[in-house]
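The sequence shown stops at residue 281 when you use full-length UniProt numbering, and every number in between is there. The beta-carbon is built from N, C-alpha and C at its ideal position, and this holds for glycine as well. One structure is given below, encoded as structure tokens.
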Amino acid sequence: MDYLTRWPRKLLTVYTPLAGFLVILLFPFYWMTVTTFKSNEELYNYKDYNPLWIHSPTLDNVKRLLFDTDYPQWLAITMTVAVVATFISLFASVLAAYAIQRLRFKGGQTVGLMIYLAYLVPPSILFIPLATMVFQFGLYDSPIALILTYPTFLIPFCTWLLMGYFKSIPYELEECALVDGATRIQILWKITLPLAVPGLISAGIFAFTLSWNEFIYALAFISSVEKKTVPVAVLTQLVEGDVYHWGSLMAGALLGSLPVAIIYSFFVEHYVSSLTGAVKE
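Below is the structure:
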């Protein structure tokens with residue numbers, strides 16, 4: 001009898017909300033997939049075809065995306081920019097977070113809070129001064145402009161995240177190393193960083209995802225079609241006037257989301273554990 005009373009309650013409070021959450025979360029990916037493999041006739045004829053299902057699968061949209069546009073080059077540029085910007089941001093964030101959290105200088109926590117508040121500044125406000133610097137240094141229409149500007153919003157949050165994770169590492173380990181004659185660089189490299197791998201992975205995933213999906217700077221600082229990143233190129237090159245190539249658009253969005261999804265699937269456990277460490281901050 002107890003089982004009979006618990007099952008409806010569990011169904012109502014656990015499984016039903018979970019099912020609704022999964023539908024809301026996964027439906028956009030399902031819609032992208034369905035639209036990618038539909039013909040134009042199916043896309044616009046809802047009277048004869050079910051919009052939620054594929055009647056006659058076709059690869060024309062994928063073929064048009066890969067062979068009639070510069071999508072492979074857009075993908076390579078996006079990957080390069082995201083990877084390089086992520087490594088630069090992680091390097092700077094590790095040094096900043098370690099100095100603020102471990103060196104214990106006066107006003108360190110205030111500096112950490114100010115760094116995090118810098119992350120809250122909207123990119124649209126930073127756009128004007130960054131654009132001025134990009135033009136002055138002759139970096140306009142170059143992926144280097146994106147590599148150098150992306151850390152402006154990646155470093156603040158990564159620093160705050162790593163500060164929380166460094167705080168969870170016992171300071172006594174470093175004190176013992178200092179007594180044995182180790183330098184701060186040796187302590188950071190041989191003790192702190194190996195223990196902070198989950199935090200580094202989390203910060204790296206965060207930085208990579210933001211770099212991969214960034215739109216405003218990529219739209220403003222890159223003008224050549226062949227140098228655009230995926231989020232900008234798919235939107236600007238597959239929309240001709242009032243004509244939207246929905247099949248190719250969805251194919252580009254689907255293929256563009258796969259790298260981030262794959263990275264999350266491999267490192268999800270480290271990502272969750274690092275967020276737990278950051279919450280302690």
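No beta strand (DSSP E) of 3 residues or more sits fully in the region 84–148. Between Pro122 and the set Arg102, Phe153 and Thr110, the nearest pair of CA atoms involves Phe153. Going by DSSP, Ala203 is part of the alpha helix (DSSP H) stretching over Val197 to Asn213.
By the Cβ criterion, the region 244–260 is in contact with the region 37–44, since at least three pairs of Cβ atoms, one from each stretch, lie closer than 8 Å.
Below 8 Å, too few C-beta pairs join the region 133–145 and the region 158–177 to call them touching: fewer than three.
Distance from the CA of Thr78 to the CA of Ala118, rounded to the nearest whole angstrom, comes to 25 Å. Straight-line measurement puts the Cα of Tyr116 at about 23 Å from the Cα of Ala131.
By the beta-carbon neighbour count (other beta carbons within 10 angstroms, threshold 16), Phe266 is exposed. Burial check for Trp160: the Cβ neighbour count within 10 Å reaches 16 or more, so the residue is buried. The three-state reading of DSSP puts Tyr46 in coil, since its state is none of H, G, I, E or B. Cβ atoms of Gly204 and Val230 stay farther apart than 8 Å, at about 19 Å. For Tyr244, the three-state secondary structure derived from DSSP is strand. Below 8 Å, too few C-beta pairs join the region 8–24 and the region 217–230 to call them touching: fewer than three. With a cutoff of 7 Å on beta-carbon distance, Gly112 and Met163 are scored as near each other. Cβ-Cβ distances below 7 Å link Ala97 to Thr159, Leu162, Met163 and Phe166 in the same chain, with the five nearest sequence neighbours on each side left out; the list follows chain order. A contact between stretches requires three or more CB pairs, one per stretch, nearer than 8 Å, and the region 205–212 fails this requirement with the region 55–65.
Comparing alpha carbon positions, the residue from Val134, Val260, Ala196 and Arg184 closest to Ala218 is Val134. In this structure, Ala251 lies near Asn61, with their beta-carbon atoms less than 7 Å apart. Between Ile169 and Thr183 the beta-carbon gap is near 18 Å, outside 8 Å, which marks them as no contact. Val239 has Tyr244 as its beta-bridge partners, per DSSP. If the five residues before and after Ile147 are omitted, its C-beta is found closer than 6 Å to the C-beta atoms of Val81, Val84 and Ala85, all from its own chain and listed in chain order.
DSSP, reduced to helix, strand and coil, places Thr80 within a helical segment of the structure shown. By alpha-carbon distance to Ile216, the top candidate from Arg6, Ser202 and Ala233 is Ala233. Pairing Asn50 with Pro259, the inter-Cα distance amounts to about 30 Å.
Secondary structure at Phe37: coil, using DSSP grouped into helix, strand and coil.
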